[in-house]
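This report refers to the structure that appears directly beneath it.
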Amino acid sequence: MARQINLRQVEAFKAVIESGSISRAALILNISQPAMSKLIAHLEEDTGLSLFDRVKGRLAPTQRGMRLYKEIDRIFSGVRQVENAVEAIRREEQGQLLVGVMPALSRAFIQQATMGFLRQHPNVFCSVKSRSSEWIVDWLVTRKLDVGLVSSRIDNPYVIAEPLTQHPLVCIMPTDHPLAMKNVVEPDDLDNIPFVSFDPESQAGQCIATMFDAYNVRPNTVLVANVSPTLCEFVAAGLGVSLVHPLMFSGLQDRLAIRRFEPALSYDFQLCRMRDSRNASLVDAFLQQARTTAARLSQESLSAA
């Protein structure tokens with residue numbers, strides 16, 4: 003008859019599955035290999051299940067073993083969510099705000115938004131991490147972040163997302179580029195022109211590519227960049243032209259010519275927060291500062307167009 007298992011056996015089993023061997027699992031749990039082997043043997047004996055096949059001295063999880071691991075991992079994930087919730091409560095009590103921002107907004111915008119927030123809340127500790135939109139959303143949902151600024155649309159019932167600022171893309175180019183003579187740049191103007199492009203898998207890259215296809219325009223793509231700071235630096239250095247959001251080149255206006263682009267291409271950044279934010283007052287204050295900063299910087303960038 004199966005006997006009751008204990009937590010140490012479960013931890014040992016999980017460590018073996020995730021590390022791939024008894025020796026590495028023993029190092030993870032800081033126990034000897036014989037002790038680890040004994041824990042696994044007792045777990046199989048107590049559950050009455052064959053959890054591993056012994057193949058040439060190595061352990062390979064059986065189908066039953068993998069089914070058990072998936073259930074254990076689900077339970078441990080729940081425990082991690084509880085730990086994250088505890089940390090979120092502590093952040094509220096201690097006056098902390100954790101912000102995640104995509105690289106496109108990691109220059110002048112996030113610096114000015116954060117400093118504006120800290121001027122109003124000088125006793126708050128603020129952490130800013132620049133990562134991909136996918137990473138930010140994942141950390142937001144697991145409560146490792148309080149605020150997220152991303153490019154992708156969010157489809158999660160626990161997350162509130164709103165546009166940061168609504169402005170169409172503009173055409174940026176070196177200050178001495180021939181297109182700088184125009185007041186408005188149109189798709190045909192970019193046909194076979196050296197063009198610095200976003201990664202085709204990105205939201206901005208897909209938006210621009212769809213527009214070019216619709217107008218049967220084929221720019222001469224000379225470089226693909228996965229983050230806008232890199233893209234804007236190459237444009238300013240004279241490599242080609244590009245289409246970007248006004249917030250992406252904030253701080254580089256003196257090194258670029260900026261022109262309106264028609265037809266208007268909409269591209270919105272998203273402000274994200276959890277629906278039941280633990281430190282709601284701090285989150286609200288930061289979001290308001292972010293909106294104000296975005297509107298001001300966008301207007302400053304567009305004034306050069």
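Residue 307 is where the sequence shown ends in this note's numbering, and the numbering goes up by one at each step. Each residue gets a CB set at the ideal place from its N, CA and C atoms; glycine is no exception. Predicted model only: the values in this text are computed from it and were never measured.
- With contacts defined by Cβ atoms closer than 7 Å, Leu258 and Pro221 do not form a contacting pair.
- Going by DSSP, Glu13 is part of the alpha helix (DSSP H) stretching over Leu9 to Ser21.
- Taking a C-beta distance under 7 Å as the contact criterion, Val224 and Gly240 do not qualify as a contact pair.
- Per DSSP, reduced to three states, the secondary structure at Arg133 is coil, with no helix or strand assignment.
- Boundaries of the alpha helix (DSSP H) harbouring Glu47: Gln35 to Thr49, taken from the DSSP string.
- Within the same chain, Arg60 and Leu61 come within 8 Å of Ser23 by CB-CB distance, once the 5 residues on both sides are set aside.
- The beta carbon of Ala211 lies closer than 7 Å to those of Pro202 in the same chain, with the five residues before and after it left out.
- Residue environment: Asp148 is assigned as buried (16 or more neighbouring CB atoms within 10 Å of its CB, all protein chains considered).
- DSSP places Thr212 within a helical segment (H, G or I) once states are collapsed to three.
- Straight through space, the alpha carbons of Glu85 and Leu41 are spaced by roughly 26 Å.
- By a beta-carbon distance limit of 8 Å, Val126 does not contact Gly80. Their separation comes to about 30 Å.
- With respect to Leu107, Leu171 sits apart: the two C-beta atoms are not nearer than 7 Å.
- Straight-line measurement puts the Cα of Leu100 at about 48 Å from the Cα of Lys58.
- As for any beta strand (DSSP E) of minimum length 3 sitting wholly inside the stretch 220 to 277, the runs are 222 to 227, 244 to 246, 258 to 263 and 272 to 276, ordered along the chain.
- Setting aside the 5 residues that flank it on each side, Asn228 is surrounded in the same chain by Asp201, each with a C-beta closer than 6 Å to its C-beta; the list follows chain order.
- In the displayed model, Leu192 falls within a helix according to three-state DSSP.
- Measuring C-alpha to C-alpha distances from Phe288 to each of Thr177, Asp55, Leu254 and Gln113 identifies Gln113 as the nearest.
- Here Ala87 is near Arg145, since their CB atoms are less than 7 Å apart.
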